[in-house]
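Chemist: Under my numbering, the first residue of the sequence shown is numbered 445, with each subsequent residue one higher.
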Amino acid sequence: NIVIQGIPIGSDMTNFIGTNYENLKQDPRGGHFVVAHTPKKQIIQGVEFTAMGQSGILGRYPIHFHSCGNIDSGTILKYNSIHHSKQRCVVVHATNGLTIQGNAAYWAADHCYMTEDGYEHLNTFKGNIATNVERSAFWMANPSNELLGNIASNAASGFDISETRHDRRNNFSFKHEIPCQKGGWGNSQGCTWSRFLPMAKFYGNTAHNVDR
Numbered sequence: 445n446i447v448i449q450g451i452p453i454g455s456d457m458t459n460f461i462g463t464n465y466e467n468l469k470q471d472p473r474g475g476h477f478v479v480a481h482t483p484k485k486q487i488i489q490g491v492e493f494t495a496m497g498q499s500g501i502l503g504r505y506p507i508h509f510h511s512c513g514n515i516d517s518g519t520i521l522k523y524n525s526i527h528h529s530k531q532r533c534v535v536v537h538a539t540n541g542l543t544i545q546g547n548a549a550y551w552a553a554d555h556c557y558m559t560e561d562g563y564e565h566l567n568t569f570k571g572n573i574a575t576n577v578e579r580s581a582f583w584m585a586n587p588s589n590e591l592l593g594n595i596a597s598n599a600a601s602g603f604d605i606s607e608t609r610h611d612r613r614n615n616f617s618f619k620h621e622i623p624c625q626k627g628g629w630g631n632s633q634g635c636t637w638s639r640f641l642p643m644a645k646f647y648g649n650t651a652h653n654v655d656r
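(1) Do you know offhand how far LEU566's Cα is from ASN514's?
(2) Roughly how many angstroms separate the alpha carbons of CYS512 and MET558, rounded to a whole number?
(3) Checking the sheet assignment: what are the DSSP bridge partners for GLN545?
(4) So who's on the other strand from ALA644, going by DSSP bridges?
(5) Classify SER638 as helix, strand or coil using the three-state DSSP reduction.
(6) Which term fits LEU542, buried or exposed, when burial requires 16 or more other beta carbons within 10 angstroms of its beta carbon?
(7) Output the distance between the C-alpha atoms of ARG656 and SER601, rounded to the nearest integer angstrom.
(8) Kindly indicate which residue of ASN598, GLY627, GLU607 has the alpha-carbon position closest to the one of HIS652.
(9) Would you mind sorting ARG504 into buried or exposed? The rule is 16 or more other CB atoms within 10 Å of its CB.
(10) Can you grab the Cα-Cα spacing for the pair ASN586 / PRO472, in whole Å?
(11) Using the C-alpha atoms, what's the distance from PHE603 back to HIS528?
(12) Looking at C-alpha atoms only, which residue of GLY497, ILE501, PHE509 is the closest neighbour of VAL478?
(13) Please report the straight-line C-alpha distance between PHE640 and HIS537, rounded to a whole angstrom.
(14) Give the secondary structure of GLU564 by DSSP, where H, G and I count as helix, E and B as strand, and everything else as coil.
(15) By the 10 Å Cβ neighbour count, where 16 or more other Cβ atoms means buried, how is HIS481 classified, buried or exposed?
(16) Have a look at the DSSP bridge pairing and note the partners of GLN498.
(17) Hey, ILE520 and ASN547 are a contact pair by Cβ (cut 8 Å); roughly how many whole angstroms apart?
(18) Identify whether TYR557 lies in helix, strand or coil by the three-state DSSP scheme.
(19) Tell me whether TYR465 sits in a helix, a strand or coil according to DSSP, three-state version.
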């Protein structure tokens, strides 16, 4: 299990993970933090992630849950800040049942909070903020993830729920048989395409100054 916890909000200090902000423009490569290949409980709370991510390199994001499958229900990513990201903010990939709550993200290249392959489901994005984002503040490749009370501003898109492109369906989740939703039209493994899946809870979300 992993527990990373910073100083409570309102204190003078916080835990810090990232690249020296003064070197942001000089070096396009930032650090990246990943929880990979484990369903065990993780708690990441009250941490500042700054100038992280590596532009154009797959899997190099400030915060990345990768191939955790059906993760422990106690896993939570809460009260963190992600800013001046060089590639995305929080990426949930091939992971189900994660809670992303009360995080603040600003100045991000590409999308900010997102799922990846379209297999990801039963994740909850609650009370998060994304502002000054190059593309979508919240981008979901599967409608069966909850979006509750989030705020998006100054982005190309506020809340985008879009199916994975046809030419990308032979992806990581398919190849590694990540747990999926079944019962409708889908692929050879019986996994239902996103367009035929039910919409999870979506309410209390707000978008300001977005193109769409």
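From the three backbone atoms N, C-alpha and C, an ideal C-beta is built for every residue, glycine too.
These figures come from a predicted structure and were not determined experimentally.
Modeler: Looking at the atomic coordinates:
(1) One C-alpha to the other measures close to 9 Å.
(2) Roughly 15 Å between the two C-alpha positions.
(3) DSSP, once it has assigned bridges, lists LYS522, LYS570 as partnering GLN545.
(4) Residue pairing by DSSP places ALA644 opposite no residue, since no beta bridge is assigned to it.
(5) Helix, per DSSP.
(6) Result: buried.
(7) One C-alpha to the other measures close to 5 Å.
(8) The shortest C-alpha to C-alpha distance from HIS652 to any of ASN598, GLY627, GLU607 is the one to ASN598.
(9) ARG504 counts as buried, since at least 16 other C-beta atoms from the protein chains shown sit within 10 angstroms of its C-beta.
(10) Rounded to whole angstroms, ASN586 and PRO472 show a C-alpha spacing of 30 Å.
(11) Computed Cα separation, rounded: 20 Å.
(12) It is PHE509 whose Cα lies nearest to the Cα of VAL478.
(13) The straight-line gap separating the alpha-carbon atoms of PHE640 and HIS537 is approximately 20 Å.
(14) DSSP places GLU564 in coil when its eight states are reduced to three.
(15) Looking at its Cβ environment, which holds fewer than 16 other Cβ atoms inside 10 Å, HIS481 is exposed.
(16) Note: GLN498 sits in a beta bridge opposite ARG473.
(17) Taking 8 Å as the upper bound for CB-CB distance, ILE520 and ASN547 are not in contact here, some 10 Å apart.
(18) Looking at TYR557 - three-state DSSP - the assignment turns out to be strand.
(19) Annotation note: pLDDT 46 at TYR465 (below 50); position unreliable, coordinate value reported separately. If DSSP states are grouped into helix, strand and coil, TYR465 belongs with the helices.
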